[in-house]
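In UniProt numbering, the protein residues as written are 26 to 708.
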Ligand code: GCW
């Protein structure tokens, strides 16, 4: 049963509801699906294997339907789709969109999947398969669907030696040694999984980049991967090391304004596009955490990004330039640096540059307020960077469904152009339609049999893709689909497990970093608790820098009286975070340093409420465990047991987090743990 985890959400096991399966079979008794290119071929292959598995049946393939049929195509290859009745819907679908419609013609019922391009067809096919997998009715369909952003990308922090930075699911799936000749079948399954959720790009290598990835030797290998992924609508991108002209080009400088440097990159781009004609472009981490960048030559981010953008522009490539920048030189608050460096450059970037901004200003914490750059650069394309891999969320042993975290950021109101200027509007180009749009997620994929290390970590890959495609979808709806596709359509199973999935992120916030605490993970590794850690070379790598606990209280004062990081938000947001009366409890200690006996909204002291969150966090892991223990009949024994074992680890870790934090902070608060709680398990 080793493949139980491997198949992800694309399982295609026979539908257990017999009459439903029968109704699907009769609705799809014939298939009209002319496929004469690799993308359409891939779509058709997927459809065939899906139908064969789910319905235990292959529809007869015909040129023109004579019975109930599934009709799939584009106007240019299918006369039904070319018909007048679909003109309007097709016009609104763009390149990646599709429609699915039930139509009655000449005594038979057809289900039509239509799109303007082969990629649209591919996405439409995956949507139909999802409807079948989740046992939805298909007899009165009228769907038109298209992605809300153009670039939907996975960032792999994969090194050329196959280690994965912040990877918790084995080694890199890219087998550089055996490439380009050996194409691991896993690449195809990777492509299928991504296409099924609308992901259309992948950055193969770590943003802490090795310049060697841009040598011809590696480009040939990247081209082989690009060839394997192309039929699934996925483009390959590479992380570019800014100093590559020196390291692999023999130049003396990497100054972005130096003509020889510009020429080197332009030539490099030409070389890449000769090998990979649809190469997506570069992702760049510059002048951050010791990486080289334009500032090393007295230039700014725009100088650096624009130089690379000019190199790929003739080939229609883009540059994703990261805003995750910070260094030793920030005296008071690292959270402010990205805004300070980028905001003044608004409007100075080329149109094929997109600034990649993490959801929050610190670093992928269990909870952060939205990044102040969203809304602050109205003339610059900004893309959201999320971290699917659980660097600060318990790696691949903690069950944390991330969709609610993502939604919290997407739905946040930046007020940059008045009320309703949400992050999602910024990202989807609603605030400025001239800008390119995208969402990226740092992948949690590795060579583990089940890809992500934890069976439920697959849900985060899945939810990322679904939200990048359509950020308006709810965490609930996505969890529902994922559970049905990955495990079971049983009502009891779906309802119970969905409930704890939706709660799981809050659980982890509670037992790790409640009430706005952040970055108190052990300084090396970021797995367990380490609020006491204070021995890393840089102040801002040490947890004590962030919680600032002392006898007087706890929390980071980012108010106008403190570091004034609140000043980077629009006035309405600034005031809400700045004023204690308005600041939501969830961000309290992110923005305020408060005395231990501060009276919370609940009437409790801050200390008591903090302790309460830690205990609640652990209790809810136990509750989750109890529900899962009842699910054995719905899940194969391998995944059932695996999740049980991982939940045991999570419970132990949550308990360790609770006891470590409560006891450490108690050394400052000098207040008792309320008697209602049991004594710590690890005194
Ligand atoms: O989350 C932090 C990680 C680093 C990472 C960095 C970044 C790739 O701890 O491992 O480096 O952020 O996003 O650049």
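Cβ atoms here follow ideal geometry from the backbone N, Cα and C, with glycine treated the same way.
- Sorting 150, 366, 579 and 432 by C-alpha distance to the C-alpha of residue 496 places 432 at the top.
- For a cut-off of 8 angstroms, the C-beta gap from residue 675 to residue 423 is around 5 angstroms, short enough to register as a contact.
- Assigned with DSSP and collapsed to three states, residue 489 falls in helix.
- A contact is defined here as three or more CB-CB pairs under 8 angstroms, and the segment 474 to 484 meets this definition with respect to the segment 27 to 37.
- DSSP, read as helix, strand or coil, puts residue 366 in helix.
- Beta-bridge pairing by DSSP links residue 133 to 130.
- With a cutoff of 8 angstroms on beta-carbon distance, residue 97 and residue 57 are scored as near each other.
- A check of alpha carbon separations from residue 451 across 466, 434 and 467 identifies 434 as the nearest.
- Collapsing the DSSP output to three states places residue 483 in a helix.
- Here residue 398 carries a coil assignment [DSSP, helix/strand/coil].
- Remark: the C-beta of residue 313 is in contact range of ligand 1, defined as less than 7 angstroms to any heavy atom.
- For residue 649, the enclosing alpha helix (DSSP H) starts and ends at 631 to 654.
- In summary, residue 390 is buried, with 16 or more beta-carbon neighbours lying within 10 Å of its beta-carbon over all protein chains present.
- Of the heavy atoms belonging to ligand 1, none sits nearer than 7 angstroms to the Cβ of residue 393.
- Residue nearest to residue 454 within the set 428, 413, 255 and 379 is 379 (criterion: CA-CA distance).
- CA-to-CA, the gap between residue 543 and residue 358 works out to about 13 angstroms.
- Pairwise C-beta distances place the segment 65 to 80 in contact with the segment 148 to 160, as three or more of them are shorter than 8 angstroms.
- Annotation: the continuous alpha helix (DSSP H) that includes residue 49 extends over 43 to 52.
- Residue side-chain check: residue 367 keeps its Cβ at 7 angstroms or more from all non-hydrogen atoms of ligand 1.
- Distance from the Cα of residue 534 is smallest, within the candidate group 425, 566 and 620, for 425.
- Put simply, of 550, 653, 482 and 552 the residue whose alpha carbon is nearest the alpha carbon of residue 467 is 482.
- Between ligand 1 and the CB of residue 566, the shortest heavy atom gap is not smaller than 7 angstroms.
- Unbroken alpha helix (DSSP H) runs of no fewer than 4 residues, entirely contained in the segment 137 to 208, are found at 143 to 158, following chain order.
- Residue state for residue 465 is assigned as strand, using DSSP reduced to three classes.
- The bridge partners DSSP lists for residue 443 are 441.
- Taken from the Cβ of residue 267, every heavy atom of ligand 1 lies 7 angstroms or farther away.
- Contact between residue 257 and residue 311 fails: their C-beta atoms lie close to 31 angstroms from each other, not under 8 angstroms.
- Taking 7 angstroms as the cut-off, one finds no heavy atom of ligand 1 near enough to the beta carbon of residue 647.
- Shown here, residue 690 sits in a helix according to DSSP, grouped into three states.
- If the five residues before and after residue 571 are omitted, its C-beta is found closer than 7 angstroms to the C-beta atoms of 543, 544, 545 and 581, all from its own chain and listed in chain order.
- Residue 96: member of the beta strand (DSSP E) spanning 94 to 98, first to last residue.
- For residue 77, the shortest C-beta to heavy atom distance toward ligand 1 is 7 angstroms or greater.
- With a cut-off of 7 angstroms, the C-beta of residue 427 is classified as distant from ligand 1, since no heavy atom of the ligand falls inside that distance.
- Using a cutoff of 7 angstroms, the CB of residue 233 counts as near ligand 1, since one of the ligand's heavy atoms is closer than that.
- The continuous beta strand (DSSP E) containing residue 410 extends over residues 407 to 412.
- For residue 234, the secondary structure class from DSSP, reduced to helix, strand or coil, is coil.
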